[in-house]
Structures are given as C-alpha cells and as structure tokens.
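Going by UniProt numbering, the first residue of the sequence shown is number 1, and it counts up by one from there.
Beta carbons are placed, not taken as given, at the ideal position from N, Cα and C, and that holds for glycine.
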Amino acid sequence: MPGYRIAVFASGQGSNFQALVDAAASGKLDATIELLVSDRPQAPVVEKAEAAGIECHVFKPKEYASREAYEQEIVAKLEEREIDLVVLAGYMRLLTSVVVDRYAGRLINIHPSLLPAFPGKDAIGQALDYGVKMTGITVHFVDGGMDTGAIIAQRAITVSPEDTTETLAASIHELERELYPEVVSWFTKGLVTLDGRKVTIAENDVRK
Numbered sequence: 001m002p003g004y005r006i007a008v009f010a011s012g013q014g015s016n017f018q019a020l021v022d023a024a025a026s027g028k029l030d031a032t033i034e035l036l037v038s039d040r041p042q043a044p045v046v047e048k049a050e051a052a053g054i055e056c057h058v059f060k061p062k063e064y065a066s067r068e069a070y071e072q073e074i075v076a077k078l079e080e081r082e083i084d085l086v087v088l089a090g091y092m093r094l095l096t097s098v099v100v101d102r103y104a105g106r107l108i109n110i111h112p113s114l115l116p117a118f119p120g121k122d123a124i125g126q127a128l129d130y131g132v133k134m135t136g137i138t139v140h141f142v143d144g145g146m147d148t149g150a151i152i153a154q155r156a157i158t159v160s161p162e163d164t165t166e167t168l169a170a171s172i173h174e175l176e177r178e179l180y181p182e183v184v185s186w187f188t189k190g191l192v193t194l195d196g197r198k199v200t201i202a203e204n205d206v207r208k
C-alpha cells in the first residue's frame, strides 16, 4: 500500500517546506513529500524542491482565465498522485472552493500570529504595531476565508521591547519549523479529528 502522501503549496523562500522535507528524510515524519505547487516559478522554494528531487507544479496565474481554472489543473495533479494532505507553507493566494471543498479536512496552513488576532498579510508587523506582549503561530484548517479555519495548534512567544520585525520574524520562523512537521505527523498517524470548529488530538502526549 502507498504511504502517506503530502503536497506542499508555497510561494517564497521555502523554509517550512524544507523543514517538512528534512523531517520526512530523517524519519520523524512518516510520509513522502510528493509534490510542490508554486505560483512563482523563480521562488527559492522551487530550487529547494528540485534539489530534493521533488516534482514541481509551477504555474503563472496570469496565464489562466480565472483562479478556478488553474486550481482545477492543480486538483488534477493532486488526485493523480493520491495526495492525502495538502499543506500550505507560505502560499500567498487565497484558495477557491475548487481546492477547499475537494480537500476539506485535509488542507492546512500555518500563520505567524495567534489567530484570530492579526490575520492576513504582515501579521508580525501588525502585532508589533499593536504593541502586544505575546504573539506566536497558529496551524489551522483552511476553509476559504482569510485565516478563518478551525485551529489545530498554537505556540506562543514573548515579544521583547527590543524586538524589530526582523528579530521577531526570525524567532517566529524558528518556531514554525519546529511545530509544522509535528502537526503534520499527527495527520499521518490519524490523530486529528475535526468537528465543526473543534479540533481534538487523539493522544494527550502530543498536546503542548
């Protein structure tokens, strides 16, 4: 039987993508990264995927008549590879119902704030501007809204008075690289249950 199969959507540097690749290679993640989907052909994450020998589906949105058109092509790729879980890792486009409905409950994202605070772009800058004393990261299901899906896991971090956008971002990204592979591993083990907005994890020892 084929093992657990993951597709990653990413648009940028690919640090979370690389964390997942490394976790799979080391055996910490019992899954294979089957496909990278990217809307930016020149993004560094594409180079990382190619270096790891992972197939890439790279496209230019402007070449399609609509978002639905290129997402239908993406879904065909996902179904062809029998993808079990779709993981957004810095994918900078809102998904339509074409992907969201097809992969409901199997589509997750990571966001650099403690949702529902500071959704959308520049969450780290938003948090600093607001003057919060703590912020963090959230892994959540994707439901088609802007960072509105049910929350799977969160980690908090203290904001120092000396923090800048750059220093806080570095701390948050380090935390993301730790948490995201862990959460993905919960899915590979069948530990995650979604009931409305309530997410439960089957084993107490994975909750921190």
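- For Phe118, DSSP assigns no beta-bridge partner whatsoever.
- Measuring C-alpha to C-alpha distances from Pro161 to each of Val132, Glu55, Val45 identifies Val132 as the nearest.
- Between Asp129 and the set Asp163, Arg93, Ile152, Glu50, the nearest pair of CA atoms involves Asp163.
- CA-to-CA, the gap between Gly12 and Phe187 works out to about 24 Å.
- The three-state reading of DSSP puts Leu36 in strand, counting E and B together.
- For Asn109, the pairing in a beta bridge is given by DSSP as Leu88, His140.
- The C-beta separation of Glu71 from Leu35 comes to about 14 Å, leaving the pair out of contact by the 8 Å criterion.
- Comparing alpha carbon positions, the residue from Tyr4, Gly190, Val192, Phe9 closest to Val87 is Phe9.
- The closest CA to that of Gln154, considering only Ile201, Glu166, Gly196, is found on Ile201.
- By alpha-carbon distance to Arg177, the top candidate from Ala23, Pro44, Ile6 is Ala23.
- With a beta-carbon spacing of about 6 Å, Val75 and Val98 fall inside the 8 Å limit used to define contacts.
- Here Ile110 is near Ile137, since their CB atoms are less than 8 Å apart.
- For Phe17, the enclosing alpha helix (DSSP H) begins and ends at 15–26.
- Classified as exposed, Asp122 has fewer than 16 neighbouring CB atoms from the shown chains inside 10 Å of its CB.
- Ranked by how close their Cα comes to the Cα of Leu175, the residues Tyr4, Gly190, Ile6, Asn16 have Asn16 in first place.
- Within its own chain, the residues whose Cβ lies closer than 6 Å to the Cβ of Thr193, once the five positions on either side in sequence are excluded, are Thr200, listed in chain order.
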